[in-house]
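Peer 1: Read in order, the letters of the sequence shown correspond to residues 868 to 1244 in our numbering.
Every residue gets a Cβ at the ideal spot worked out from N, C-alpha and C, and that includes glycine.
Sharing a structure with you now.
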Amino acid sequence: MATIGKDLDYACELLMEGEVIGLPTETVYGLAGDATREIAIERIYAVKKRPATNPLIVHVAGSDHLAGIVSSIPENALKLMDWFWPGPLTFLLPKAPTVHHAITAGQPRVAVRMPAHPLALELLRNLPFPLAAPSANPYGYISPTTVQHVNDQLGSRIKYILDGGPSSKGIESTIIGFDDTMPIIYRKGVITDLDIQAIIGKVKYFESKGIKGELLNEEIKGNNLQIFIDSEEKVTSHITSGMSLSHYAPKTPLYLLPDLGHKDVIQNSVNFNVLMEQMQIYETLESQLKYKIKEKTARIGIISLKHLYFSQNICENLPICQIQLSPVGDLKEAASNLYGALHQLDQLELDVIFAECMPEEGIGSAINDRLGRAAVR
868 MATIGKDLDY ACELLMEGEV IGLPTETVYG LAGDATREIA IERIYAVKKR
918 PATNPLIVHV AGSDHLAGIV SSIPENALKL MDWFWPGPLT FLLPKAPTVH
968 HAITAGQPRV AVRMPAHPLA LELLRNLPFP LAAPSANPYG YISPTTVQHV
1018 NDQLGSRIKY ILDGGPSSKG IESTIIGFDD TMPIIYRKGV ITDLDIQAII
1068 GKVKYFESKG IKGELLNEEI KGNNLQIFID SEEKVTSHIT SGMSLSHYAP
1118 KTPLYLLPDL GHKDVIQNSV NFNVLMEQMQ IYETLESQLK YKIKEKTARI
1168 GIISLKHLYF SQNICENLPI CQIQLSPVGD LKEAASNLYG ALHQLDQLEL
1218 DVIFAECMPE EGIGSAINDR LGRAAVR
């Protein structure tokens, strides 16, 4: 397994050699490598088993380090950088000619961010190059918010994980780009649309249908990343990170429950089976799972915002593990605990996880985005 520590000199040494490391940030842990060096970029894609159609985010020590990475910066982007950097806001900007095509998956824009985590910033300031750093997990799986998550998932494939403690924000950065002068949010995240509107005015959301057929076989040959497409569907590059239809997913099947805080259906239910029927959940379940729930043999995990809704009365002794993301209903606390809850339940060998949708307000919208992409389709 990887060595875990806080040795910045050793981390720098590995990165200078073209290796990749686990990097703490305030959002999630990243898998970091030299963004200017092809071998390091290849290693990131290979370690994660990430499709080369999915671009990376470049992490910098500040806006004064963007020369040679972006070719221009809109005025509104500069305003937002002044307000939110360092922090969980990523900018999608026209790339400089020197940016490696694999960083952007051939797209004309590059994603850049200045992280707020003190260890990440100190590391970046000690390096002569920026870092490409997607989340440090196998592609499509739950994002890591602790050193242990990284070590469990990628520890056998990397040498070092820089220990910065649990990620404080808990979900990925917001990604914003500009169509002419119109700001467009491409990925919901910690910074909300209202946060952005307060600084630069009106902002739109990009509506993505995702890209199908993107789980490709990848192979490293020499210094080139070769892509072999299994399906007959035409596969195109993502505009930026976080746009896959299926993403952030546990191995355990996950299904969404409605926002239960505004419903009296639970209090009126006589048992779990009736509850599932009343909420029209059964019709979405696979037949074997329906049978196990009805026979009271299913092992069930439930993630909710603040209430432990399911009493033993309702559950009728079904083996149910419930996790509250925030006992006080704080959506920011819920976001910081989301991936940890998914990791915890995914280790219990459950038959199914049910996750309550959050109120569609503030960062709750970003949590729902992650849950929606993690859910069974």
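1. Runs of 3 residues minimum, wholly inside the region 964-1052: which ones carry the beta strand (DSSP E) assignment?
2. Decide yes or no for the touch test of the region 1008-1026 against the region 947-956: beta carbon pairs closer than 8 angstroms, at least 3 of them.
3. Is the beta carbon of leucine 986 sitting closer than 9 angstroms to the one on leucine 875?
4. Restricting to Cα atoms, I'd like to know which of Glu884, Ala1065 and Arg910 is closest to isoleucine 970.
5. Alpha carbon to alpha carbon, what distance is there between serine 1104 and glycine 973?
6. With the cut-off set at 9 angstroms, would you say glutamate 893 and histidine 984 are in Cβ contact?
7. On the CB-based measure, 16 or more other CB atoms within 10 Å of its CB, does tyrosine 1072 come out buried or exposed?
8. Measuring alpha carbon to alpha carbon, tell me which of Ile1220, Ile1230 and Glu886 ends up nearest alanine 1242.
9. Quick check on this structure: which residue in Leu990, Thr903 and Pro941 has the alpha carbon closest to the alpha carbon of proline 964?
10. Quick check for students: name the residue ranges of the alpha helix (DSSP H) that lie wholly in the region 904-968, counting only runs of 4 or more.
11. Considering only DSSP beta bridges, list what glycine 889 is partnered with.
12. For the alpha helix (DSSP H) containing cysteine 879, list its first residue and its last residue.
13. Got a sec? Which residues, its chain only, sit under 7 angstroms from glycine 1196 by beta carbon, not counting five neighbours each side?
14. My assumption, with CB atoms under 8 angstroms, is that threonine 1012 sits in contact with tyrosine 1206. Please give the rounded CB distance.
15. Consult DSSP for tyrosine 1115 and reduce its assignment to one of helix, strand or coil.
16. Tell me whether leucine 1215 is buried or exposed, calling it buried when 16 or more other Cβ atoms sit within 10 Å of its Cβ.
17. Taking just the CA atoms, how far does alanine 1003 sit from glycine 872?
Peer 2: Taking the structure as given:
1. 976-980, 1027-1029 and 1041-1046
2. no
3. Within the sequence shown, numbered from 1, the residue matching residue 986 stands at position 119. Within the sequence shown, numbered from 1, the residue matching residue 875 stands at position 8. Yes, the pair counts as a contact, with Cβ atoms nearer than the cut-off.
4. On the sequence shown, residue 970 is found 103 positions in, with the first residue counted as 1. Taking only the C-alpha atoms, the option nearest isoleucine 970 is Arg910.
5. Your numbering for residue 973 matches position 106 in the sequence shown. Your numbering for residue 1104 matches position 237 in the sequence shown. Straight across, the Cα-Cα distance linking glycine 973 with serine 1104 is about 7 angstroms.
6. Counting from one through the sequence shown, the residue named residue 893 turns up at place 26. Counting from one through the sequence shown, the residue named residue 984 turns up at place 117. In contact: glutamate 893 and histidine 984 (Cβ atoms closer than 9 angstroms).
7. Walking along the sequence shown from the start, residue 1072 turns up at place 205. Counting Cβ neighbours within 10 Å, tyrosine 1072 comes out exposed, since fewer than 16 surround it.
8. Taking the first residue of the sequence shown as position 1, residue 1242 is located at position 375. When each option's Cα is compared against that of alanine 1242, the closest is Ile1220.
9. Position 97 of the sequence shown, counted from the start, is the residue given in the question as residue 964. Of the listed residues, the one whose Cα sits closest to proline 964 is Thr903.
10. 905-915 and 942-951
11. For the purposes of this step, residue 889 is taken as residue 22 along the sequence shown, with counting starting at 1. DSSP lists Leu898 and Ile1028 as partners of glycine 889.
12. To locate residue 879, count along the sequence shown from 1; it is residue 12. Taken as a continuous stretch (DSSP letters only), the alpha helix (DSSP H) holding cysteine 879 covers 875-883.
13. The count along the sequence shown starts at 1 and reaches residue 1196 at position 329. Result list for glycine 1196: Leu1172 and Lys1173, in chain order.
14. For this step, residue 1012 is matched to residue 145 along the sequence shown. For this step, residue 1206 is matched to residue 339 along the sequence shown. In this structure threonine 1012 is in contact with tyrosine 1206, their Cβ atoms being roughly 5 angstroms apart against a cut-off of 8 angstroms.
15. Within the sequence shown, the letter at position 248 stands for residue 1115. Assignment of tyrosine 1115 by DSSP, reduced to helix, strand and coil, places it in the coil class.
16. To locate residue 1215, count along the sequence shown from 1; it is residue 348. For leucine 1215, the number of other beta carbons within 10 angstroms of its own is below 16, and it is reported as exposed.
17. Taking the sequence shown and counting its residues from 1, one reaches residue 872 at position 5. Taking the sequence shown and counting its residues from 1, one reaches residue 1003 at position 136. Cα-Cα distance, rounded: 16 angstroms.
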